[in-house]
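Chains as they are written, first to last, in full-length UniProt numbering: chain E, 1 to 356; chain C, 1 to 356.
Using N, Cα and C, we set each Cβ at its ideal position, and we do this for glycine too.
Report on the following structure.
Protein chains: 2
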Amino acid sequence: MPASQSMGPQGRVTEVDIVVMAAPCAKEQARAGGIDGLVSLVAGDMERVNSFILSRTGSDVTLIPEVASHLISSGGKRLRPMLTLAFAQLSGYEGDGGIRLAASVEFMHTATLLHDDVVDESDMRRGKLAARMLWGNEASVLVGDFLLGQAFKMMVEVGSLAALEVLANAAAVIAEGEVWQLSAAKDLSTTEEAYLGVVQAKTAALFAAAAEVGPIIAGLGERERKAARTYGDSLGIAFQLIDDALDYGGAAELLGKNVGDDFREGKITLPIVLALRNADADERAFWTRTLEQGEIVDGDLEKAIGILRSHNTLEATVQQARRYGDSAIAALDAFPDGAMKDALVDTVAFCIARAY
Amino acid sequence: MPASQSMGPQGRVTEVDIVVMAAPCAKEQARAGGIDGLVSLVAGDMERVNSFILSRTGSDVTLIPEVASHLISSGGKRLRPMLTLAFAQLSGYEGDGGIRLAASVEFMHTATLLHDDVVDESDMRRGKLAARMLWGNEASVLVGDFLLGQAFKMMVEVGSLAALEVLANAAAVIAEGEVWQLSAAKDLSTTEEAYLGVVQAKTAALFAAAAEVGPIIAGLGERERKAARTYGDSLGIAFQLIDDALDYGGAAELLGKNVGDDFREGKITLPIVLALRNADADERAFWTRTLEQGEIVDGDLEKAIGILRSHNTLEATVQQARRYGDSAIAALDAFPDGAMKDALVDTVAFCIARAY
């Protein structure tokens, strides 16, 4: 259990330390490179993706580039388009299609963020005011739609019906996952299985599609497609589970996240699902009042964190993420050894190490 | 000018009569069939489109079919998918692709309606409570995204990259038009040209795409594609201009519309643009207070209608719609004579006759 913890004046967690909860596994210790390997291997392509993104957010309607740039230039890691470029390279692809598909993937992701902020009524995104706070919900909804339309236009330009199928399917699955999450919000009977289903749909589906289109445009077969999909899917789930743990502390502030957003929105994430399983009557009453009924008073977030820690569920969530990370790494067996494969292994470790 | 007009207790227009403002042109008088011809010629295909639509709104996430059915079964005319089926038939197409494309077009339209209601904060849609009033803005945004994703999946299944290109382009243009409209809201300096640009994007682009995919899947060339696009584009503009006029009276209640929505939202539609052109100082002050500053008091809607009538701008808007209707009819020259072509001529008259 953590040794020290200090609360800010508004009861905000200002320093938390999931860091000591779970020692990094051997694989993670062996890889110090983090995401740098991936970044440097796709750097040339990413530059082209970035110019392409800029050129496709242009519009005579000035509100569009304003809103889009706010989010696109706000320092996201561009993990999803990097996956497309990485798996295209790993599959021996040498054409131009990967650039457009990577840009499409980033547009789909940005559209989702814009719509999510409206749905969650979030004030902040990546440490900046959310677009909806600056331009209103209307602009966030419509610019999201514009980016989605542009994404499909770019995919069509690549001319691969198989890639289009994978990405169109992801678009539908992501939205389905978001609606599912909305329906499950505040529902304390959500099971671990149901929760992982939501995560797979709303987060992992785009990671999986981003990776799978690499072997597709390279003309590889089902074995490599499936391996890429599994890598993306598992990495996406691991990524989201770490996010869930971060919402109750950890390095959240460094990452520009608000601690406690999920709690205030009544989201039943894995740390909560696991804590509910062993909750005594007092704890159940606490979760019912805060998450189900939305009656949150000063000190409740700290109490929630205390309960999660007493049941070790933040640690268990990180451990679960680690297991998905291991599946992601195992899936890479279908591809040839080399610098790119090493970089993709490091990327898994990087995603999990965000918790520290 | 109209002879009689009565106001409801809340100052709501309960009986208005744009009907006497402009006598139907000879072409409209000659065609008594309205939309019935089109409906009966595509009836068999539309039945398949409807089952297809139902099958594709299914989801384990029960909120999705609930929200989607609310809108899809709420008695829209299905004009856009009928255009796809009609132009596919008119182009001699005999395959199954038209069914899926027509369903895609209806999904795109439904997604737009769901998002529009959130953006406009509308309470009503087609005479029923808007989905957002029943399930919240969140569900409207996300179910709209789901339908858009499903639309692209269905398009991909048809396997025509050219049709995909046209529809993906329409998706981006529609959203761009909506953002444009948002930026131009409350802006009294909006020109007629700028306004028609918005209409072309937000409304006519989908009509144009819906029609154009017909000759595309039939394998016809640029001449027929362009003709179908022009028909859809012109019909769409005419349709929207009639809607704009209806917002200030006419047969609005019969059509399940609220009179005065555009006025209350500060939308600068064509009747307003034309009235501003010849506004005296008092009138300009009135429009500035109501549309630009959003300060609307009892009796303002009736005063607005009075001003529009004194400048004949509702009549001028209907006349403008009629001119677009004539271009739509002229574009049909590229296609062979027959029952379908007659039905498409009648459809133009029907769209304009909604004003009466």
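I want to see whether chain A comes within less than 8 Å of residue i, judged by CB atoms only; does it?
i        : result
Ser189/C : No chain A appears in this structure, whose protein chains are E and C.
Taking the C-alpha atoms as reference points, what is the distance between residue i and residue j?
i             : j        : result
Cys25/C       : Ala238/C : Low per-residue confidence applies at Cys25/C: pLDDT is 37, beneath 50, and the placement is therefore not dependable, though the value from the model is reported in the following sentence. Approximately 15 Å between the Cα atoms of the pair.
Phe146/C      : Ile174/E : 8 Å
Ser140/E      : Met124/E : 13 Å
Phe148/E      : Ala279/E : First, the residue type needs correcting, since residue 148/E is Leu and not Phe in the sequence shown. When rounded, the distance between both Cα atoms is 42 Å.
Ala23/C       : Ala355/C : Low confidence applies to Ala23/C: its pLDDT is 34, below 50, so where it sits in the model is not reliable, and the reading given next is rough at best. In a straight line, the C-alpha of Ala23/C is about 11 Å away from that of Ala355/C.
Gly92/C       : Arg78/C  : 21 Å
Ala30/E       : Leu134/C : Model confidence at Ala30/E stands at a pLDDT of 42, short of 50, so the residue's coordinates are unreliable and nothing is read from them.
Val166/C      : Met154/E : 12 Å
Glu222/C      : Ala211/C : 13 Å
Pro81/E       : Ala43/E  : 11 Å
Gly58/C       : Asn258/E : 36 Å
Leu274/C      : Glu192/C : 8 Å
Asp120/C      : Ala170/C : 21 Å
Ala204/E      : Ser104/E : 16 Å
Thr84/E       : Asp337/E : 18 Å
Phe335/C      : Leu196/C : 27 Å
Phe263/C      : Ala68/C  : 28 Å
Ala168/E      : His311/C : 49 Å
residue 358/E : Val118/E : Residue 358/E is absent from the structure shown; chain E starts at 1 and stops at 356.
Arg309/E      : Ala353/E : 19 Å
Met21/C       : Leu314/C : Because the pLDDT at Met21/C is just 35, under 50, the model does not fix this residue reliably, and the value given afterwards should be weighed accordingly. Those two C-alpha atoms are separated by around 8 Å.
Ala339/C      : Arg284/C : 49 Å
Trp287/E      : Gly232/C : 55 Å
Asp60/C       : Asp282/E : 33 Å
Hey, would you say residue i sits closer than 8 Å to residue j, going by beta carbons?
i        : j        : result
Leu291/C : Ile272/C : yes
Thr110/C : Leu54/C  : no
Val156/C : Leu164/E : yes
Ile217/E : Ala88/E  : yes
Ala208/C : Arg225/C : no
Ile307/E : Gly249/E : no
Val179/E : Val143/C : yes
Ala185/C : Gly266/C : yes
Ala172/C : Met108/C : no
Lys341/E : Leu41/E  : no
Ser183/E : Leu301/C : no
Leu161/C : Gly159/E : yes
Leu129/C : Leu188/C : no
Val348/E : Leu235/E : yes
Using C-beta distances below 8 Å, list every residue in its chain close to residue i, excluding the 5 sequence neighbours before and after it, in chain order.
i             : result
Leu241/C      : Val199, Leu270, Thr317, Val318, Gln320, Ala321, Tyr324
residue 361/E : Any property of residue 361/E remains undetermined from this structure, which presents chain E solely from 1 to 356.
Glu66/E       : Trp135
Run the proximity test for residue i: is its beta-carbon closer than 7 Å to any non-hydrogen atom belonging to the ligand COA?
i       : result
Arg80/C : No copy of the ligand COA appears in this structure; indeed no ligand is present at all.
Please go through the same chain and pick out, in chain order, the residues whose beta-carbon is closer than 7 Å to the beta-carbon of residue i, but skip the five residues on each side of it.
i        : result
Leu113/E : Leu71, Arg125
Lys202/C : Ile174, Gly177, Glu178, Gln181
Gly136/C : none
Ile99/E  : Asp45, Arg48, Val49, Phe52
Phe350/E : Gly34, Ile35
Pro215/E : Phe87, Ser91, Glu224, Arg225, Ala228
Val213/C : Thr84, Leu101, Ala163, Val166, Leu167
By the DSSP assignment, the alpha helix (DSSP H) with residue i in it spans what residues?
i        : result
Arg132/C : 131 to 158
Phe335/E : Here Phe335/E belongs to no alpha helix (DSSP H), and DSSP marks it neither H nor E.
Leu274/E : 270 to 277
Thr84/E  : 79 to 90
Asp117/E : 97 to 120
Arg289/E : Arg289/E -> no alpha helix (DSSP H), and no H or E assigned at all.
Thr230/E : 222 to 246
Gln181/C : 161 to 184
Tyr195/E : 192 to 199
Gly44/C  : 43 to 56
Gly214/E : 205 to 217
His70/C  : 63 to 72
Ala304/C : 300 to 310
Looking only at its chain, what residues have a beta carbon closer than 6 Å to the beta carbon of residue i, apart from the 5 residues adjacent to it on each side?
i        : result
Gly37/E  : Ala343, Asp346
Ser122/C : Ala130
Ala227/C : Ala331, Ala334
Ser327/E : Ser234
- Along the segment 150 to 161 of chain C, what residues have a CB closer than 7 Å to any CB found in chain E? For the segment 150 to 161 of chain C, which is checked against every Cβ of chain E, the residues closer than 7 Å are Gln150, Phe152, Lys153, Val156, Gly159, Leu161.
- Determine which residues of the segment 295 to 324 of chain E have a Cβ less than 9 Å from any Cβ of chain C, and write them out in chain order. Listed by position along the chain: nothing, the set is empty.
- What are the residues of the segment 94 to 120 of chain C that lie near chain E, defined by any Cβ-Cβ distance shorter than 7 Å? Residues of the segment 94 to 120 of chain C that bring their beta carbon within less than 7 Å of a beta carbon in chain E comprise His115, Val118, Val119, in sequence order.
- Query: Along the segment 60 to 73 of chain E, what residues have a CB closer than 9 Å to any CB found in chain C?
  - Reply: Correct list: Asp60, Val61, Thr62, Leu63, Ile64, Val67.
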